[in-house]
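Q:
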Amino acid sequence: VLTVDPRELARETVTRVVEQTDLGTAPSGANARDLLRETLYAERRRLERAPDAAAHAFFTRTRRDLERADDAEARALLRAVVGRYVDDIAGHFDRRFHALATQVVPRALGLMLGGAEGAISGGFGADTFASRLVVSGETEALRRVAALGPVLFAGTHASYLDPLVAGWALHRLGLPPFASAAARPLFEHPLIGPFVRRLGCYSVDESKTAAPLYRETLKAYATLVLEHGGGDLVFPGGVRSASGAVEGRPKLGLLGTALPALRTLALRGGPPARVFVVPCTISWPQVLEAETRVERWLEDALGARHVPRGDEFATTRRWFSFMRGLAAADLRIHVVVGRPLDPFGNDVDIEGEGGGSLDPRGRPIEASRYLLAGGALTVDPPRDAEYTRMLAERVAAAWRQGVVPLATHVVAYAVFERLWRDGRARDLTRFLTDVAPDAMVDEAIVEADVAKLLEELHKLAAAGTLQPPVDDEAKVAIARAMRTFATYHERPVLEREEGRLRVGDPSLLAYYRNRLDGYGLLGAPSRVTRASSMGMREVVR
Amino acid sequence: MSAAPLAVAVLGAGNWGTTLAELSARAGHAVRLWTRNAAQADEIEKLRTNTKAIPGLQVHARVRATTSMELAVRGADVVMVVIPTQAMRQVARALGDVLAPEQPVIHATKGLEIGTIRRVSEILREETCARQIGVLSGPNLAAEVAQGRPAGTLIASAFPRVIAVGKRAFSSPSFRVFGGDDVLGVELAGALKNVVALAAGMATAMDLGENAKALLITRGSAEIAAIAGAMGARASTFAGLAGIGDLLVTCASPLSRNHRAGAALARGMTLEQAVASLGQVAEGVHTAKAARVLAARHGVDAPLLDRVHRVLYDGLAPKEALRQLMRLPAGREVAG
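Heads up: the protein sequence lines correspond to chains A and B, in order.
Just so it is clear: in the first sequence, position 52 is 52 by the working numbering, and no numbers are missing.
Just so it is clear: in the second sequence, position 271 is 1271 by the working numbering, and no numbers are missing.
#1: Just to confirm my understanding: we take F416(A), look at its own chain, exclude 5 residues before and 5 after, and list those with CB closer than 6 Å. What are they?
#2: Who are the neighbours of D359(A) on chain B, taking C-beta pairs under 7 Å?
#3: For I1133(B), count the other beta carbons within 10 Å of its own beta carbon; 16 or more makes it buried, fewer makes it exposed. Which is it?
#4: Would you please state the rounded distance, in angstroms, between the beta carbons of L1325(B) and P1303(B)? I believe it to be under 8 Å.
#5: Leaving out five residues on either side along the sequence, give the residues of the same chain with a beta carbon under 8 Å from the beta carbon of M1231(B).
#6: Does the Cβ-Cβ distance between A1205(B) and A1266(B) come in under 7 Å?
#7: Measuring only the C-alpha atoms, how far is G325(A) from V287(A)?
#8: Between Y85(A) and V404(A), what straight-line distance do the alpha-carbon atoms span, to the nearest angstrom?
#9: Helix, strand or coil: which one does DSSP assign to R1064(B)?
#10: R1062(B) to R1036(B), Cα distance in whole Å?
#11: Under 8 Å by Cβ, that's how I've got A398(A) and P279(A) pegged, so tell me the actual separation to the nearest angstrom.
#12: Taking three-plus beta-carbon pairs below 8 Å as touching, is the stretch 1199-1213 of chain B in contact with the stretch 1258-1277 of chain B?
#13: At least one CB of chain B closer than 7 Å to the CB of E542(A): is that the case?
#14: Please check if any C-beta of chain A sits within less than 7 Å of the C-beta of P1005(B).
#15: Could you tell me whether the Cβ of P1101(B) comes closer than 7 Å to any Cβ of chain D?
#16: Helix, strand or coil for L1316(B)? Go by DSSP, reduced to three states.
#17: Does G253(A) pass the burial test, meaning 16 or more other C-beta atoms within 10 Å, or should it be called exposed?
#18: Please list the partners that P1318(B) has in chain A, where partner means a Cβ-to-Cβ separation under 8 Å.
#19: Are the CB atoms of A436(A) and V503(A) within a distance shorter than 7 Å?
#20: How should S136(A) be labelled, buried or exposed, when 16 other C-beta atoms within 10 angstroms of its C-beta is the threshold for buried?
#21: According to DSSP, is R1036(B) helix, strand or coil?
#22: Taking only the alpha-carbon atoms, compute the straight-line gap between R16(A) and I89(A) and give it to the nearest angstrom.
#23: Which residues bound the alpha helix (DSSP H) around C1129(B)?
#24: On a CA-only basis, which of H489(A), R339(A), A367(A) is nearest R400(A)? Give me that one, please.
#25: Step through the CB atoms of chain A and report whether any lies within less than 7 Å of the CB of A1222(B).
#26: Please list the partners that Y488(A) has in chain B, where partner means a Cβ-to-Cβ separation under 8 Å.
#27: Relative to chain A, which residues along the stretch 1142-1170 of chain B have a C-beta separation below 8 Å, given in chain order?
#28: With DSSP as the reference, identify every bridge partner of G1134(B), one or two as the case may be.
#29: Using the three-state DSSP reduction, which class does I350(A) fall into: helix, strand or coil?
#30: What residues are listed by DSSP as bridge partners for D442(A)?
#31: Within its chain, find whatever has a CB closer than 8 Å to the CB of T429(A); leave out the 5 residues flanking it on each side and keep chain order.
#32: Use the C-beta contact count for G1056(B): other C-beta atoms within 10 angstroms, 16 or more gives buried, fewer gives exposed.
#33: Would you verify that the beta carbon of P177(A) is, or is not, closer than 7 Å to some beta carbon of chain B?
#34: How about L265(A): is its C-beta nearer than 7 Å to some C-beta of chain B?
#35: Taking the alpha-carbon positions, what's the V138(A) to V337(A) distance?
#36: Cβ atoms of A1288(B) and V1308(B): under 7 Å apart, would you say?
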């Protein structure tokens, strides 16, 4: 458990960012003045889109002061800006509640995910929610390494609800509460905001990540959490998957906190330092924000202009409807824990005592030595970024192995691929506009395709490529998927109509299909296109 | 950068390994040259010669030969691996027993593992704890470099420190070492060029003239770059020392094994006869298979590499291969 006083943690964060800037060892490598200038520019751009009088006044004053500041004054301005960001990121953090979180988590989550429902139909509490969550994979290994050193728990990201689900999974495994990176909207949500603040979540504001100092502050804060022995739950995919596919290319930012934390711990001496990274895949049978996410993907993938619009997350009515759907269709959310890694992406020895790192042939190595140069443990931003890239590859591979093919994914995949082939769709635009809308497929054909797909999935699962599908029989899978699709989305993804299945929402069909993209199932190539600079389109190849 | 001499380990005492060890020793560094052959280590230590690798070379006093991997590698500032591709995995596994995580490893081996089509840096990743990995490649005929004649090469690595230490360890007034970061491109260029060298050997034996040879080399280079590009390598790498530079020297040198193998085929020998006449298998004979698999896997059209493969394995006559190539529709020279 994180034992440090939150105000102390905030102070240390400011000191850390200022030190890194002085030494030129900040990941960006820039000096105080350049960092401030770039940050002020990014803030000006942000505030043009989302006006905020207080912030505007602060940054305008900072810009004016920076123009005539000497080096010492520039440093003071840097402290002020970083201090403001720390407050923004961790201002809600309350240690008393964090320590109490073992008790708070179940009740809060029960209320969050069941309370709304409970208010309507009565009696959907924490217990019911607990039965909705299936935690599997390397849970024993996770427990073991958590006792040996801080753990960076790296989850796949589809929904703003992911931190709650992953936090709940950790609690179920009997682990002390983790600090958790949670998106800004979670904090502002009328129903769950109050709980999120108490759960030890710190906020990640996507709209501010263009500002280099914001990124450095966030990373320094998350690094210090690990250095103080706290577990940290992060979503290195950055934004919620827009295509529905598992993120193929994690961002390095928060993943890159494990390495400097290891270095600090190693410099303290004593027993060999350990920091662990544990990947985790969350599989949702349906996703609260699927409609707006997939729209975002299509706008990006098809080159249309992005029109910002309200997220389902902010709409209480959608929220209720989603929860009702989870309850009514008896759906389960699957959390698969991957094998623990060291900050360089090596396996760790979970059989032995110390949790030491292993080379690819299983020989013990001392991981902190990767940071040695000229006999000292050094900071070397390009080197460390490359190490973290190697870690990210392992994490991405573990994520793909952790995918649980649920009925909605399987049926959407089978129907999508059937229509794509029979409709001779050559590209996504044509598929979505000409082929799929109101298209009908005989249920018998779908059943045969699903049966074939399930067989392929079982084969892949036996080879360790992904998790076994939940349903063994095509009929059962189709029935479950149809039940699910009938509950929540504005337009059902698929509907039954006289022995046939009709496509109600082609985009959502693609979204749920994409979860199984890139495994070569039913002979289909990856249809999720290459990554854009925004990371909206995930690489799956 | 400090001028203190480095401890340099070189694994492999063939002609290129010995040459690199020699270069580094001449530059003032302490070199430990590993070979699994005890007699060869003995010869170097006692007689200061390495007759099998470079006849006539007087091995520098700062080169110490050993058969102990541990003695060679422990404490080295940089480990240079110069082992034939197909023996690489075995040697890398032994290296993994003694290597420390912080030690930079550079290899100077051109080829792809048969069967797995793994690149050498991938083998090193799979068999050792090494992360700071680099590749040295360029137009470097070992004999010329050993004589101190001017040459240049490239070290590519994602880690700037690997390039820096590699430059310190091996550069000299007669040997220029450039830096880059396209490890994938350099490794693919080094391996696949051997297939083009086979074609160039055929062209020489068929006496097609210099124009034809240039045509083959340039189109071969374009095909290699297209395959590598589809795999994620950078096109500019192929305009550099490890790309066209290496290809030029390989195709210009009638003594290279690949060149001789190609010439033998063009004179009507079968692959078996050509291999028998050389006494050893030219690397390009293996790589031609890998090139075909990679081209297919990444959906790249590579007619020249394909015809070399067919000459080697499907009994296509080199003359017929040439005829086919000359009759293909000639589209835009540079794709995209």
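C-beta atoms are modelled at their ideal positions from N, C-alpha and C, and glycine is treated no differently.
A: Result, derived from the coordinates:
#1: Correct list, in chain order: L509, R513.
#2: G1096, T1128, C1129
#3: The residue is buried, with at least 16 neighbouring Cβ atoms inside 10 Å.
#4: 6 Å
#5: L1184, L1188, L1294, H1298
#6: Here A1205(B) is near A1266(B), since their CB atoms are less than 7 Å apart.
#7: 11 Å
#8: 38 Å
#9: DSSP places R1064(B) in the strand class (E or B) of the three-state scheme.
#10: Those two C-alpha atoms are separated by around 19 Å.
#11: Confirmed, about 4 Å.
#12: yes
#13: No answer is possible for residue 542(A): it lies beyond the span of chain A, which begins at 1 and ends at 541.
#14: no
#15: Considering every chain present, this structure includes no chain D. Its protein chains are A and B.
#16: Three-state result, L1316(B): coil.
#17: buried
#18: Near P1318(B) there are no residues of chain A at all, since even the closest Cβ is about 36 Å away, more than 8 Å.
#19: yes
#20: Exposed: under 16 other Cβ atoms inside 10 Å.
#21: coil
#22: 15 Å
#23: Per DSSP, C1129(B) belongs to no alpha helix (DSSP H) and is neither H nor E.
#24: Checked all of H489(A), R339(A), A367(A); the closest Cα to R400(A) is R339(A).
#25: no
#26: Neighbours of Y488(A) on chain B: none; closest Cβ ~40 Å, over 8 Å.
#27: Answer in chain order: A1158, F1159, P1160, R1161.
#28: I1106(B), S1157(B)
#29: coil
#30: R500(A)
#31: The residues are L302.
#32: With fewer than 16 other Cβ atoms within 10 Å, it is exposed.
#33: The beta carbon of P177(A) does not come within 7 Å of any beta carbon belonging to chain B, so the residue lies off that interface.
#34: no
#35: In the sequence as displayed, the identity of residue 138(A) is Glu instead of Val. Roughly 5 Å between the two C-alpha positions.
#36: Going by C-beta atoms, V1308(B) is nearer than 7 Å to A1288(B).
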